[in-house]
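Just below is one structure, and these are the notes that go with it.
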Amino acid sequence: MTRLHMTFALAAIYAIASQASAAPITYVDASTANTTLATGGAFTPTTTPAGGVNGDDNWSVRAFGNGGNVFTSNDSGAGVNAEDAPGLATTITGLTPGAQYNVFGYFWDGSGNWRLKASLTQAPPLADHPSVSFSADGSASSTNASPAAAGDFAVSPLLSEGDRILQQAVLGVATADANGSILIYIDDLADPTVSSTQRTWYDGVGYSLVPEPSASILAVGCVAGASLLSRRRKVGAA
């Protein structure tokens, strides 16, 4: 490949990569208005006491994080009333029907490798598997979720509070339905020992548009492809 051909190819790759990373993330706070039980029923988390109730097999509301509260499970520390909160479904609305979006889940972590289970396709209960289970540090049964970064968002959410950091779980790409909606399934990590490392503090979800290649990018790609094809023909004829 000549230097000119290489230049065209690299230009095409750079242009595509630059556009693909351009769309900012929109954060959507989880609430009882956009979140139901995964089975379709109304979501009614425990609201009192302020720190939640362990052992009732329900999510609790804790005054913390974005929107003023988070939904928590297994929140009372080691050895106290294990619970398995029900699976949830949070819906993002107002999207362009048929458009593709990168989708993310957001949860908080202290110092104990807290968890979130989330999926675009699998309904709860979700397995203890890295494909649907996320944690701050990663583990044999969970995928590492990096701290959320302010520069990735259209408007940055709250990223830290006290000694806790907002973590971003990358869930994949989803296509908005005919109503302009995307549904995300959420679950906790049921833990019979109620170790503090198994807490789930679920705060919300996020999305960013997967951009279609612009005319200029397609043009660069066509020129690069034509150049490479021309080069191959010359080599074959030689």
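Numbering (our numbering), first residue to last: 39 to 276.
All C-beta atoms in this analysis are idealised placements derived from N, C-alpha and C, irrespective of residue type, glycine included.
Just so we're clear, the structure is a prediction, and the values are computed from it rather than from any experiment.
Considering Cα atoms alone, identify which of the options is closest to residue i.
i: T213; options: A207, Q206, Q205, I222; result: I222
i: I203; options: D190, A183, V193; result: A183
i: F145; options: Q138, K155, P87, G136; result: K155
i: S98; options: N151, S177, A123, A178; result: A123
i: G106; options: A80, I220, L196; result: L196
i: S149; options: G200, L126, A101; result: G200
i: V170; options: A76, V208, A137, P185; result: V208
i: I95; options: L158, F102, E250, L75; result: First, the amino acid is wrong: residue 95 is Asp here, not Ile. It is L75 whose Cα lies nearest to the Cα of D95.
i: G132; options: P251, Y240, D215, T238; result: D215
i: T129; options: I220, L164, E250; result: I220
i: F102; options: V248, L247, S198; result: S198
i: A80; options: T86, P62, P87, A127; result: A127
i: P62; options: Y139, W152, T84, G93; result: Y139
i: F172; options: R153, P251, S246; result: R153
i: G176; options: N151, P251, S69, P249; result: N151
i: G93; options: Y240, F191, A228, S69; result: A228
How would you write the range of the beta strand (DSSP E) that residue i sits in, first residue to last?
i: R202; result: 202-213
i: A183; result: Neither: A183 is in no beta strand (DSSP E) and is coded neither H nor E.
i: L154; result: 153-157
i: I63; result: Where I63 is concerned, there is no enclosing beta strand (DSSP E), given that its DSSP letter is neither H nor E.
i: G244; result: 238-247
i: Q138; result: 138-147
i: S173; result: 171-173
i: D166; result: Premise fails: D166 is in no beta strand (DSSP E) and is neither H nor E.
i: T74; result: 73-75
i: L221; result: 220-225
Does the Cβ of residue i have 16 or more other Cβ atoms within 10 Å, making it buried, or fewer, making it exposed?
i: A71; result: exposed
i: N119; result: exposed
i: E121; result: buried
i: T110; result: buried
i: P135; result: exposed
i: A178; result: exposed
i: G210; result: exposed
i: T292; result: Any property of residue 292 remains undetermined from this structure, which presents the chain solely from 39 to 276.
i: V141; result: buried
i: A161; result: exposed
i: V193; result: exposed
i: G143; result: buried
i: T314; result: The shown model of the chain, from 39 to 276, leaves out residue 314, and the question about it has no answer.
i: T82; result: exposed
i: G125; result: buried
i: N104; result: buried
i: A174; result: buried
i: T73; result: buried
i: A186; result: buried
Could you check how far apart the C-beta atoms of residue i and residue j are, in whole angstroms? I think they sit under 8 Å.
i: G244; j: T64; result: 6 Å
i: Q205; j: D147; result: 5 Å
i: G189; j: D67; result: Not confirmed; about 20 Å, so no contact.
i: N112; j: D225; result: Rounded, the Cβ-Cβ distance is 12 Å, inconsistent with contact.
i: P168; j: T159; result: Actually they do not touch by this definition, with Cβ atoms about 15 Å apart.
i: V108; j: R100; result: 5 Å
i: A137; j: L247; result: 6 Å
Mind checking if residue i is an interface residue toward chain C, Cβ cutoff 8 Å exclusive?
i: R153; result: As a matter of chain content, chain C is missing from the structure shown, which is built from one protein chain.
Those runs of the alpha helix (DSSP H) which lie wholly inside the stretch 90-133 and span at least 4 residues: Under the rule that a run must span 4 or more residues, no alpha helix (DSSP H) segment is found entirely inside the stretch 90-133.
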